[in-house]
Each structure stands twice: as C-alpha cells, then as structure tokens.
Amino acid sequence: MNRREAYEARQKKRALIIATISTLLVVAIVVIFVPMAPGWEQVKKSFFSGDIFVKSFPKMAKAFLLNIAIFAWSAPLVAIVGLLIALARSVRSPALFPLRIFGAAYVDIFRGLPVVLVIYLIGFGIPGLGLPRPYNSPYIWGTVALVLTYSAYVAEILRSGIESVHASQRAAGLSLGMSERSVMRDIILPQAIRRVVPANMNMLIAMQKDVALLSFIGPVEILRQAGIFKSLFANFTPYVVAAVIFLVVTIPATRYADYLMNRQRDARS
Numbered sequence: 075m076n077r078r079e080a081y082e083a084r085q086k087k088r089a090l091i092i093a094t095i096s097t098l099l100v101v102a103i104v105v106i107f108v109p110m111a112p113g114w115e116q117v118k119k120s121f122f123s124g125d126i127f128v129k130s131f132p133k134m135a136k137a138f139l140l141n142i143a144i145f146a147w148s149a150p151l152v153a154i155v156g157l158l159i160a161l162a163r164s165v166r167s168p169a170l171f172p173l174r175i176f177g178a179a180y181v182d183i184f185r186g187l188p189v190v191l192v193i194y195l196i197g198f199g200i201p202g203l204g205l206p207r208p209y210n211s212p213y214i215w216g217t218v219a220l221v222l223t224y225s226a227y228v229a230e231i232l233r234s235g236i237e238s239v240h241a242s243q244r245a246a247g248l249s250l251g252m253s254e255r256s257v258m259r260d261i262i263l264p265q266a267i268r269r270v271v272p273a274n275m276n277m278l279i280a281m282q283k284d285v286a287l288l289s290f291i292g293p294v295e296i297l298r299q300a301g302i303f304k305s306l307f308a309n310f311t312p313y314v315v316a317a318v319i320f321l322v323v324t325i326p327a328t329r330y331a332d333y334l335m336n337r338q339r340d341a342r343s
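Count along the sequence shown from 1, add 74, and you get the number used in this note's numbering.
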C-alpha cells in the first residue's frame, strides 16, 4: 500500500467513525427527549399500540399484495408507453413532426398534473360514462391513470438517455448504410436504456408508493385497509403498520438504485 492509498484508507476510517458517532448522537437525542414531550403518552397510545399492530398486520400485509399486483401489471405498460413517447419526441424526419408535437404535449400535460388529480379525473370520469362491467372497474382506470402519468416521466428520462449518446455514433451508423430505424434500435437505444436504468429504478419506486392513491377511487389496498382499521379501532396505529410494510419494500429497492448509480459513476470515472 502506497502513501496515497494509506491516506485515503485513514480518511475513510475517520469519516466512518464521525458518521457513526453523529448517528448515535441523533438517535440518543430522539430516544431521550421525545418521550419527555407533554403529549407523548397520548401519541404513543394513538400511533404505537402494540396490540393493534399485531391485530392489523396480517390483513394489512394481505392487502399490500393488491398494491404489488397493480404495480406488477402497471410497470411494463409504463415502460412500453414511456419508450414510445420518448421515440416520438426523438424522431428527426420532417414528415413525422406531428409525432414530436404529440409527444411534447403528452409530457407537458401529464407531468404538469398531480398524480392524484389524474386518478380522480380518470377513475371517476370514465366510469361516469355508464360503461358496462367490467369496463367501469376502478382497477382498470386506476391503472390507466398511473400509466399515463408515469409514462410521461419515464419518457423524459429515456429521451435524456437517447440524447446522451454522441451524435457521431448515429452518423457512423448512417455512413455504414444503416437506416434511421436500425441506428436507433441497434446503436442508440441499447446504450440509452443502460444509462438511465438507475433513474428509472427511482421512478418505479415512486410509482410503487403511488399505487396507494388508487384507494381514493375504490380498491381496498393497504391504504384503504389502514383506514378501515383506523375507524374500527379508533386508533392510527394501522397507518404506522402500512408505513412499516412500505419501508420494508422500498428501502432495499432504493439502496439497489443507489448501488446502480454508484456503479455507473465508477464505470465512467
């Protein structure tokens, strides 16, 4: 080990010690001072009841399976629609300029609207047309609302990946006699998709949480189930149960997204 490596090792060790001490200090402050607040006993009773936690957890976990199911069938649709919109915004042919206009309008509209507002407008508006079952299902139109909204964000991420590929690669492909479609499919898209995987992972994590917003239009998923138990027990602990279940899923996914971003950064350096 040379002097520089030894110095960097000492700095990392020092940073780890400081981070550990500061974290323990913050935890100690929370543990010591929060219970000293005048209303702590009432808050503890209303939000952290062990008995209610145990009673509600099994059914809450079962309700969370519906969240996972909605996410599982929505995520591929978001990827497909997002890719199509990104390609529409990236076309270069003058004849296809209307596609670029459509892609830009789509992104501007659905990125400009809150997710919950789109869910309300579609989830209540479309069934209001009097469609027969099962075409008035909140599962269908809730999924449509999520896909429309998140596809706009994913499209912009994919478009940034497409534009990050140097123009010389496109020119090289065209000079070899490849068509615009082949250049996009075989040269640009593979690189673009690989570059934006971490960012899209973060969008998927956000969408997985926003599935809970569909409870506003009917599905009894984890948030709606928490509300039912809150009314049944006259206690807010079920919402804490829901938070714990979400964190068990989202924290590992977030750490994995960070790992992918760090690996990508190290590969470029």
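Built from N, CA and C at the ideal position, the CB exists for glycine as well.
>> Assess contact between the region 152-166 and the region 227-242, defined as three or more Cβ pairs (one per stretch) separated by less than 8 angstroms. Is contact present?
In response: Judged by pairs of C-beta atoms under 8 angstroms, the region 152-166 touches the region 227-242, as three or more such pairs exist.
> Where do the N-terminal and C-terminal ends of the alpha helix (DSSP H) with TYR224 fall, by residue?
Replying inline: Element bounds for TYR224: 212-238.
> Given a threshold of 16 other Cβ atoms within 10 Å of its Cβ, counted over all protein chains shown, does ILE296 qualify as buried or as exposed?
Replying inline: Burial call: buried.
> Looking at C-alpha atoms only, which residue of GLY247, SER225, ASN210, ARG268 is the closest neighbour of SER238?
Replying inline: Cα-wise, what sits closest to SER238 is ARG268.
> VAL270 and LEU220 look like a contact to me (Cβ under 8 angstroms); what is the Cβ gap, rounded to whole Å?
Replying inline: Between VAL270 and LEU220, the beta carbon gap of about 20 angstroms keeps them out of contact (Cβ cut-off 8 angstroms).
> Rounded C-beta distance between ALA300 and TYR313? I'm assuming under 8 angstroms.
Replying inline: Contact between ALA300 and TYR313 holds, with the beta-carbon distance rounding to 5 angstroms and staying under 8 angstroms.
> Which two residues bound the contiguous alpha helix (DSSP H) that contains MET134?
Replying inline: For MET134, the enclosing alpha helix (DSSP H) stretches over residues 124-164.
> Which whole-angstrom value is the C-beta distance of ILE262 and MET134, which I expect to be below 8 angstroms?
Replying inline: No, ILE262 and MET134 are not in contact; Cβ-Cβ is about 45 angstroms, not under 8 angstroms.
> First and last residue of the alpha helix (DSSP H) that includes MET277?
Replying inline: Counting along the chain, the alpha helix (DSSP H) containing MET277 begins and ends at 271-284.
> Rounded to the nearest angstrom, how far is the Cβ of GLY216 from that of GLY197, given a contact under 8 angstroms?
Replying inline: GLY197 and GLY216 do touch by the CB rule: their CB atoms are close to 5 angstroms apart, below 8 angstroms.
> Going by C-alpha distance, which of PRO112, LYS118, SER234, ALA331 is nearest ASN309?
Replying inline: Answer by Cα proximity: LYS118.
> What's the gap between the Cα of LEU90 and the Cα of SER96?
Replying inline: If I take the Cα positions, the gap works out to 10 angstroms.
>> Measuring only the C-alpha atoms, how far is LEU98 from VAL108?
In response: C-alpha separation (whole angstroms): 15 angstroms.
> How is ALA308 classed by DSSP in three states: helix, strand or coil?
Replying inline: Residue state, collapsed to three classes: coil.
>> On the DSSP letters alone, give me the boundaries of the alpha helix (DSSP H) that GLU115 sits inside.
In response: Run containing GLU115: 114-121, per the alpha helix (DSSP H) assignment.
> At which residues does the alpha helix (DSSP H) containing GLU254 begin and terminate?
Replying inline: From DSSP, the alpha helix (DSSP H) with GLU254 extends over 254-257.
> Nearest-angstrom Cα distance between VAL257 and ARG185?
Replying inline: Between VAL257 and ARG185, the C-alpha separation is close to 29 angstroms.
> How many angstroms separate the CA atom of ALA341 from the CA atom of ALA146?
Replying inline: Whole-angstrom Cα-Cα distance: 31 angstroms.
> Which value, in whole angstroms, describes the spacing of the CA atoms of ILE126 and ALA280?
Replying inline: Taking C-alpha positions only, ILE126 is separated from ALA280 by approximately 28 angstroms.
> From ILE159 to PHE131, what does the alpha carbon distance come to, in whole angstroms?
Replying inline: Between ILE159 and PHE131, the C-alpha separation is close to 40 angstroms.
> Any idea what DSSP makes of ASN336, helix, strand or coil?
Replying inline: Residue state, collapsed to three classes: helix.
> Among residues of its own chain, excluding the 5 on either side of PHE138, which ones have a beta-carbon nearer than 6 angstroms to its beta-carbon?
Replying inline: For PHE138, the CB contacts under 6 angstroms within the same chain, skipping 5 residues up- and downstream, are ILE296, ILE319 in chain order.
> Between MET275 and LEU334, is the Cβ-Cβ spacing less than 8 angstroms?
Replying inline: Cβ atoms of MET275 and LEU334: closer than 8 angstroms.
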